[in-house]
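Scroll down for the structure; my scribbles are underneath it.
Residue numbers (full-length UniProt numbering): 1 to 296.
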């Protein structure tokens with residue numbers, strides 16, 4: 001038993017040695033354990049929360065949801081703007097580029113994160129103070145994208161408390177939980193241009209999505225927009241598959257194992273989103289057309 005635990009610990013250390021050390025010292029990035037605990041609690045809440053709410057009245061959370069959705073829009077805009085600026089300022093490519101260099105001023109980051117051991121501090125005197133600050137802010141914005149994925153778990157909590165069980169699909173829970181895992185893995189092990197696209201691509205979609213939810217919370221329903229958001233989600237998955245494949249076969253240090261896992265995950269999302277679109281819109285429209293024909 002102890003031998004197996006030692007072997008697992010050795011394997012874990014070997015994997016973690018492959019990490020990019022730029023995120024060392026950031027909350028929740030040094031170890032996956034806290035994030036995995038959060039996801040365990042999340043899945044448990046979905047399972048037991050739905051059972052607990054079955055005999056209770058749905059909670060009215062319109063005001064809270066409006067504030068939450070508005071906050072998410074602003075939070076994602078912050079990440080989106082910094083992502084776009086990083087591509088412009090650092091000349092980053094979606095292929096291979098290690099998007100933030102080790103160019104922090106001496107002890108600048110240590111003053112903000114004093115728990116970071118001296119041998120892990122990242123600094124250099126080769127860059128201008130302006131660029132150092134931009135680099136650090138860009139790194140913080142990228143980390144905040146992961147934190148936003150954790151915050152998005154609140155979407156599910158609101159559905160459970162409001163007893164919107166019809167919206168609590170496998171796609172919803174699977175997408176929210178697995179995105180947390182893959183964003184953590186991406187930033188920890190492949191923090192280059194291919195990963196920086198997430199705050200830009202995914203962020204832009206979610207800005208529209210949370211804007212839609214904020215308006216819906218105050219009674220303004222743009223029903224057609226929901227259909228187009230699903231189409232955008234499907235196109236996003238297609239683009240991500242192409243992006244991962246390009247990086248895997250390009251001459252750059254891209255982790256093949258992680259790339260394959262990412263492709264499998266994105267393909268599964270593509271299938272699930274496509275199935276949702278067909279059932280919600282194609283089949284529904286066909287059924288409505290048939291009913292209309294019968295009533296003539």
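The beta-carbon is built from N, C-alpha and C at its ideal position, and this holds for glycine as well.
Taking the alpha-carbon positions, what's the residue i to residue j distance?
i           : j           : result
residue 26  : residue 59  : 35 angstroms
residue 202 : residue 181 : 15 angstroms
residue 24  : residue 273 : 35 angstroms
residue 81  : residue 17  : 31 angstroms
residue 283 : residue 6   : 54 angstroms
residue 206 : residue 73  : 8 angstroms
residue 39  : residue 174 : 11 angstroms
residue 50  : residue 153 : 15 angstroms
residue 178 : residue 88  : 30 angstroms
residue 53  : residue 212 : 26 angstroms
residue 217 : residue 63  : 7 angstroms
residue 165 : residue 71  : 24 angstroms
residue 263 : residue 243 : 10 angstroms
residue 250 : residue 256 : 11 angstroms
residue 11  : residue 223 : 50 angstroms
residue 170 : residue 271 : 12 angstroms
residue 9   : residue 267 : 31 angstroms
residue 233 : residue 204 : 11 angstroms
residue 83  : residue 31  : 25 angstroms
residue 214 : residue 4   : 50 angstroms
residue 225 : residue 143 : 29 angstroms
residue 259 : residue 248 : 7 angstroms
residue 15  : residue 227 : 41 angstroms
If residue i sits next to residue j, beta carbons under 8 angstroms apart, how far is it from one beta carbon to the other, in whole angstroms?
i           : j           : result
residue 148 : residue 45  : Their Cβ separation, rounded to whole angstroms, is 19 angstroms, which puts residue 148 and residue 45 out of contact at 8 angstroms.
residue 141 : residue 48  : About 35 angstroms; that fails the 8 angstroms criterion.
residue 280 : residue 184 : 30 angstroms between Cβ atoms; not a contact.
residue 237 : residue 269 : 5 angstroms
Are there 16 or more other CB atoms within 10 angstroms of the CB of residue i, so buried, or fewer, so exposed?
i           : result
residue 167 : exposed
residue 13  : exposed
residue 139 : buried
residue 186 : buried
residue 65  : buried
residue 219 : exposed
residue 67  : exposed
residue 22  : buried
residue 69  : buried
Do residue i and residue j have their C-beta atoms within less than 9 angstroms of each other?
i           : j           : result
residue 151 : residue 172 : no
residue 229 : residue 208 : yes
residue 188 : residue 85  : no
residue 42  : residue 156 : yes
residue 61  : residue 162 : yes
residue 20  : residue 190 : yes
residue 277 : residue 231 : yes
residue 199 : residue 145 : yes
Tell me, please, whether the region 195-202 touches the region 48-62 by the rule of three or more beta-carbon pairs shorter than 8 angstroms. Flag = no, the region 195-202 and the region 48-62 do not touch.
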